[in-house]
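K.L.:
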Amino acid sequence: MSDQIKSVRGMPAILPGEVKKWQFVEAVAKNVLHAYSYNEIRTPVVERSELFQRTIGENTDIVAKEMYTFIDRNDQSLSLRPEATAGIIRAGIDQGFFYNQTQKLWSIGPMYRYERPQKGRYRQFHQINMEAFGFPGPDIDFEMILLTGRIWKALNLSPLQLELNSLGSPESRKEYKRQLQDYFHDHQKELDEDSLRRLDRNPLRILDSKNPDLQEIIESAPKMVDFLDQESNEHFEELMAMLQDHAIEYSLNTRLVRGLDYYTRTVFEWTTDQLGAQATVCGGGRYDALVAELGGKPTSAIGCAIGLERLIELVDVSGQNEQNNPSKIYIVAVGSKAEGERFLLAEELRDAYPNLSIEMNLNGGHFKQQFKRADKAGADIALILGDDEISKQTVGVKPMRSEGHQETVDRKELLSIIDQFL
Ligand code: HAM
Numbered sequence: 022m023s024d025q026i027k028s029v030r031g032m033p034a035i036l037p038g039e040v041k042k043w044q045f046v047e048a049v050a051k052n053v054l055h056a057y058s059y060n061e062i063r064t065p066v067v068e069r070s071e072l073f074q075r076t077i078g079e080n081t082d083i084v085a086k087e088m089y090t091f092i093d094r095n096d097q098s099l100s101l102r103p104e105a106t107a108g109i110i111r112a113g114i115d116q117g118f119f120y121n122q123t124q125k126l127w128s129i130g131p132m133y134r135y136e137r138p139q140k141g142r143y144r145q146f147h148q149i150n151m152e153a154f155g156f157p158g159p160d161i162d163f164e165m166i167l168l169t170g171r172i173w174k175a176l177n178l179s180p181l182q183l184e185l186n187s188l189g190s191p192e193s194r195k196e197y198k199r200q201l202q203d204y205f206h207d208h209q210k211e212l213d214e215d216s217l218r219r220l221d222r223n224p225l226r227i228l229d230s231k232n233p234d235l236q237e238i239i240e241s242a243p244k245m246v247d248f249l250d251q252e253s254n255e256h257f258e259e260l261m262a263m264l265q266d267h268a269i270e271y272s273l274n275t276r277l278v279r280g281l282d283y284y285t286r287t288v289f290e291w292t293t294d295q296l297g298a299q300a301t302v303c304g305g306g307r308y309d310a311l312v313a314e315l316g317g318k319p320t321s322a323i324g325c326a327i328g329l330e331r332l333i334e335l336v337d338v339s340g341q342n343e344q345n346n347p348s349k350i351y352i353v354a355v356g357s358k359a360e361g362e363r364f365l366l367a368e369e370l371r372d373a374y375p376n377l378s379i380e381m382n383l384n385g386g387h388f389k390q391q392f393k394r395a396d397k398a399g400a401d402i403a404l405i406l407g408d409d410e411i412s413k414q415t416v417g418v419k420p421m422r423s424e425g426h427q428e429t430v431d432r433k434e435l436l437s438i439i440d441q442f443l
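Its first residue numbered 22, the sequence shown is counted upward by one per residue in this note's numbering.
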C-alpha cells in the first residue's frame, strides 16, 4: 500500500460537525450585510502576482514572505490571493463599476498566506470581506463600524474592543515616515533584528513590535496623529464625534498601522482578549488612493475583513453556536419490495418537505440494525417499511426523540401525520 498523503501544513479541512457552526455564522453575517445594502461579489482565488505587489506593497511581510506564487504554463507569475481587496478593485476597474457610482460589495472565501501556523493563524484561512466605493466622508467609516458591531451583537459575542487610528494622506504619511525613521535611527543600537530590517523600508511596522524591550522606545516615538494633514484630521475628528454621539466605545491606538501598505486616513481593528495572541478578529480602513494607483478613476474607498476562523472560535467560546438542525426523517426498509418502495417514499417526502433531511437506510440490514443507524443519524422520526406494511399499504411511524409509541398509519395519511410531528 502506498504512503498516506498528508494535508498541507496550516490548511485544515473543516469537518461536517464544524461546518454547521460556519454556516450559522455566515448566515448571520450575510443577513447583516444585506441589511446594510451590500451586494455579493465573487472574484478569483488566483491573480497576477503584480496585483498584490502593487497594492499590499513589496515591503510588507505578506508580499515579501508569505505569498503562494507560481509560474503558470504561459510563464506568468500568479499568486493565490492573500486577501480579497486587491482582486475586488481589479475586477471593479476591469468592469468599470466604480465610475460615477457608489458600490457596497461583500465577499467570502479562502485566503492564503505562508505564515507560521498556530491557533488562530493558518495558511489557508477564510475572510468575510466588505468594501464600499465612492463614499468620501467619515459617515461610511462610521456605518462600517456599526455594521461589524451588529454582527458581533447578532452572534451574542462578549464585547470586542474597537481600536482606531488615522494614517492621514499619502503625503502626510511620507513626512511622518521620515520623522519616524530619524527617530529610530537615533535609537538604532537599541533595536532588534526585525526592527532594523524594517527601519529603511517600512518603519511604521516597527510600531507593531511586541518585543518588550522596545516598548519604551516605541511609546516615545512620534505619533501619526500629530502629523495629519488638515483634511484627514477633520475626517478623523468627525468620525470620533459620531462614535461618541452614539456611545460606541473605542480606543485611539496611535500604534495601529496595519500590515498592508494601501491604507490612508481611518484604520480600525476589532480585537478580543479571548483568543490569546491572535487577538484581531476584524481589520480594515480607508484606501482612498488605491483605485487610481491601479489605473482606475480616483475613487474613495473603505473596507475591512473578518477572520472567520477567529470569529467562529469566539462563537464557540460564548457557547451558542448551535443552529437548530432541520428535522430528520429516517426510512427503515426491510424486504425486497420495501427496498424498492423506500425510494418512492423518500422522493415523495423530499417533494413535500424541502427543508427536512430525509435519509433512507442503505447497506441493508435487519430492523434492529437499521433502527440503530436511524438513532445514530439523529433522526427525529423513523418510518418503517416491511413486507407487512407494503401489502397493507401502510407505514410504521416511530418517534425517535420523544416518548411516543410506534403507530401504523395508512400510507395516504402519512403526510398529515408527519405534519402533526413538525
Ligand atoms: P488583514 O488584517 O490582513 O486585512 O486580515 C483581516 C483579518 O483576517 C485579520 O484580522 C484576521 O482576523 C484574519 N486573518 C489574517 N491572516 C490570518 C491567518 N493567517 N489565519 C487566520 N486568520 C487570519 C486584510 O486582509 C484586508 N484586506 C482587510 C481590508 C479589506 N482592508 C480594506 N478592505
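Glycine residues also receive a C-beta, built at the ideal position from the N, C-alpha and C atoms.
Quick one: complete alpha helix (DSSP H) runs, 4+ long, within the segment 63-117?
P.N.:
70-76, 82-86 and 106-116
K.L.:
Assign Thr275 to one of three DSSP states: helix, strand, or coil.
P.N.:
Note: Thr275 maps to coil in three-state DSSP.
K.L.:
Kindly indicate which three-state DSSP category Asn150 falls into: helix, strand or coil?
P.N.:
It is a strand residue.
K.L.:
Between Tyr133 and the ligand HAM, is there a pair consisting of the residue's CB and a ligand heavy atom that are separated by less than 6 angstroms?
P.N.:
Outside the cutoff, so no.
K.L.:
Helix or strand or just coil, what does DSSP make of Arg142?
P.N.:
Arg142: strand per DSSP, three-state reduction.
K.L.:
Closest by CA to Gly117, which one among Lys318, Gly297 and Ile405?
P.N.:
Lys318
K.L.:
How about Glu330: is its Cβ closer than 6 angstroms to a heavy atom in the ligand HAM?
P.N.:
Yes, since a heavy atom of the ligand HAM falls inside the 6 angstroms radius drawn around the Cβ of Glu330.
K.L.:
Compute the distance between the beta-carbons of Gly31 and Pro103, then report whether it is under 7 angstroms.
P.N.:
no
K.L.:
Identify every run of the alpha helix (DSSP H) within the segment 153-216, keeping only runs that are complete inside it and at least 4 residues long; order them along the chain.
P.N.:
Here the runs fully enclosed are 159-175 and 191-207.
K.L.:
Could you check how far apart the C-beta atoms of Phe289 and Glu184 are, in whole angstroms? I think they sit under 8 angstroms.
P.N.:
6 angstroms
K.L.:
Residue range of the alpha helix (DSSP H) that Arg394 falls in?
P.N.:
Phe388 to Lys397
K.L.:
Could you have a look at Asn254 and say whether DSSP puts it in helix, strand or coil?
P.N.:
helix
K.L.:
Let me confirm a value: Ile35 is counted as buried when at least 16 other C-beta atoms fall within 10 Å, else exposed. Which label applies?
P.N.:
That one is exposed.
K.L.:
Hey, would you say the C-beta of Gly304 is under 6 angstroms away from at least one heavy atom of the ligand HAM?
P.N.:
yes
K.L.:
Quick one: does the C-beta of Ala326 sit closer than 6 angstroms to a heavy atom of the ligand HAM?
P.N.:
With a cutoff of 6 angstroms, Ala326 counts as near the ligand HAM, since its C-beta is closer than that to a heavy atom of the ligand.
K.L.:
Between the segment 141-156 and the segment 295-303, do three or more beta carbon pairs fall short of 8 angstroms?
P.N.:
A contact exists between the segment 141-156 and the segment 295-303.
K.L.:
With burial defined as no fewer than 16 other Cβ atoms inside 10 Å of the residue's Cβ, what is the status of Ser253: buried or exposed?
P.N.:
buried
K.L.:
Tell me the DSSP secondary structure of Asp431 in three-state form.
P.N.:
When secondary structure is reduced to three states using DSSP, Asp431 falls in the strand class.
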